[in-house]
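The numbering of the sequence shown is my numbering, which starts it at 6 and goes up by one.
Written out below as structure tokens is the structure these notes cover.
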Amino acid sequence: MPDPLPTHAGPFALGTFRFDAEPFPGLVTGARVRDLSDLVPSVRALVEDWDRWFPRLDSLTDGIWHDLADLEVLAPIEPGQILQSGANYRKHVVDLVAAEKESVHGATPDEARADAEKMMDERIRNGVPYVFLGSPRAMCGPYDDIVLPELGEQHDWELELALVFGKSGRNIPADEAMSYVAAYTICNDLTTRDRLYRPDLKAIGTDWFTAKNADTFLPTGPFLVPAAFVGDPGDLRITLRHNGVVRQDESTKDMIFDVPRLIAYVSTTTTLRPGDLLLTGSPAGNGAHWGVFLAPGDVVEAEITGLGHQRNTVRSHA
Numbered sequence: 006m007p008d009p010l011p012t013h014a015g016p017f018a019l020g021t022f023r024f025d026a027e028p029f030p031g032l033v034t035g036a037r038v039r040d041l042s043d044l045v046p047s048v049r050a051l052v053e054d055w056d057r058w059f060p061r062l063d064s065l066t067d068g069i070w071h072d073l074a075d076l077e078v079l080a081p082i083e084p085g086q087i088l089q090s091g092a093n094y095r096k097h098v099v100d101l102v103a104a105e106k107e108s109v110h111g112a113t114p115d116e117a118r119a120d121a122e123k124m125m126d127e128r129i130r131n132g133v134p135y136v137f138l139g140s141p142r143a144m145c146g147p148y149d150d151i152v153l154p155e156l157g158e159q160h161d162w163e164l165e166l167a168l169v170f171g172k173s174g175r176n177i178p179a180d181e182a183m184s185y186v187a188a189y190t191i192c193n194d195l196t197t198r199d200r201l202y203r204p205d206l207k208a209i210g211t212d213w214f215t216a217k218n219a220d221t222f223l224p225t226g227p228f229l230v231p232a233a234f235v236g237d238p239g240d241l242r243i244t245l246r247h248n249g250v251v252r253q254d255e256s257t258k259d260m261i262f263d264v265p266r267l268i269a270y271v272s273t274t275t276t277l278r279p280g281d282l283l284l285t286g287s288p289a290g291n292g293a294h295w296g297v298f299l300a301p302g303d304v305v306e307a308e309i310t311g312l313g314h315q316r317n318t319v320r321s322h323a
């Protein structure tokens with residue numbers, strides 16, 4: 006357990022922990038955790054009955070309590086599906102597009118940036134989000150080691166605000182979307198950049214499975230913080246440090262498509278169910294931008310306003 010203990014917005018949060026043997030769902034209040042296994046088998050089961058459980062959680066004072074410092078903190082929930090948003094921060098995408106216009110098309114820096122910003126303004130007005138699926142098997146805890154896979158060398162970080170759904174819905178209007186959000190958490194959606202494109206299948210394009218779904222490539226948590234305590238998801242600070250150097254430091258205000266628009270979009274394709282996870286995209290400052298990638302021995306520290314923090318040490322598969 007890192008020092009200091011992770012903090013969270015509001016009077017309580019939820020998580021999954023291990024004390025001796027089996028994982029158990031827990032109610033986190035500051036530095037103490039109430040074992041909820043006498044009431045529900047998992048955090049997922051609690052979220053699946055969110056409207057009934059949420060009003061009751063603040064009054065749970067009896068039962069078995071642990072010191073948070075004595076517990077292993079696991080990923081807070083086992084999701085049904087993981088929906089991941091790409092290219093959803095304006096500055097990040099403008100940087101990428103402008104760099105391409107300079108290197109490939111010979112534009113001046115000013116011309117390239119002006120064209121890129123014009124493209125993003127049009128995308129905000131008339132475009133749609135870019136979303137793909139991730140594997141729950143890639144998840145690990147907020148303090149677990151990140152194990153670099155054998156294939157690839159350019160292993161990169163992508164810190165993201167993630168939300169957990171608390172009720173089912175399909176074709177959800179954007180103005181009703183926030184009522185479907187039970188809680189928020191932190192996800193670091195790691196990517197092996199040099200495994201993202203398939204040279205043998207250029208017409209198909211990206212290989213999201215290989216590039217993003219290695220074991221431990223989705224550190225998640227530490228907690229689920231109820232949406233009622235977090236405030237405006239469009240005004241949170243996302244900060245990531247790599248070996249003590251700040252690499253990502255941006256407000257969620259920079260999202261191209263905000264949380265309601267993302268929910269409305271994904272619900273036109275798939276029925277959203279309680280416990281599903283939606284990642285909202287990563288801001289500027291990835292390793293590819295800095296020309297620095299993850300290596301054994303590195304330490305990645307991440308935090309989002311009101312949601313606690315992560316600290317992962319990187320090691321080789323060997």
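The beta carbon of each residue, even a glycine, is placed where N, CA and C say it ideally should be.
query                                                                                                             : result
Beta-carbon gap between Leu164 and Ala26 smaller than 8 Å                                                         : no
4-residue-minimum alpha helix (DSSP H) runs that sit fully inside the segment 266 to 316, ordered along the chain : 292 to 295
Cα-Cα separation, Ile232 to Ala112                                                                                : The residue asked about is misnamed: residue 232 is Ala in this sequence, not Ile. The alpha-carbon atoms of Ala232 and Ala112 are separated by roughly 44 Å.
N- and C-terminal bounds of the beta strand (DSSP E) containing Val78                                             : Glu77 to Leu79
Candidates Val152, Ile191 and Trp70, of which the one nearest Thr12 by Cα                                         : Ile191
Where Thr197 falls, given that 16 or more other Cβ within 10 Å makes a residue buried                             : buried
Bounding residues of the beta strand (DSSP E) (the contiguous stretch that carries Ile1)                          : Lying before the first or after the last residue shown, residue 1 is absent from the chain, which here runs from 6 to 323.
Which listed residue (Leu19, Met260, Asp40 and Val133) has its alpha carbon closest to that of His71              : Asp40
Complete runs of the beta strand (DSSP E) confined to the segment 96 to 173 [at least 3 residues]                 : 135 to 139, 151 to 153 and 164 to 170
Distance between His110 and Val235 (C-alpha atoms, nearest Å)                                                     : 43 Å
Distance, Thr257 Cα to Asp240 Cα                                                                                  : 5 Å
Short Cβ contact (8 Å threshold) for Arg316 with Tyr94                                                            : no
Sequence-distant residues of its chain with Cβ nearer than 6 Å to Arg246 (five each side left out)                : Glu306
Beta carbon of Leu138 nearer than 8 Å to that of Asp161                                                           : no
Nearest-angstrom Cα separation, counted from Leu282 out to Gln86                                                  : 6 Å
Closest Cα partner of His314 within the set Arg320, Tyr189, Pro288 and Ser272                                     : Tyr189
Opposing strand residues paired with Glu255 [DSSP bridges]                                                        : Ile243
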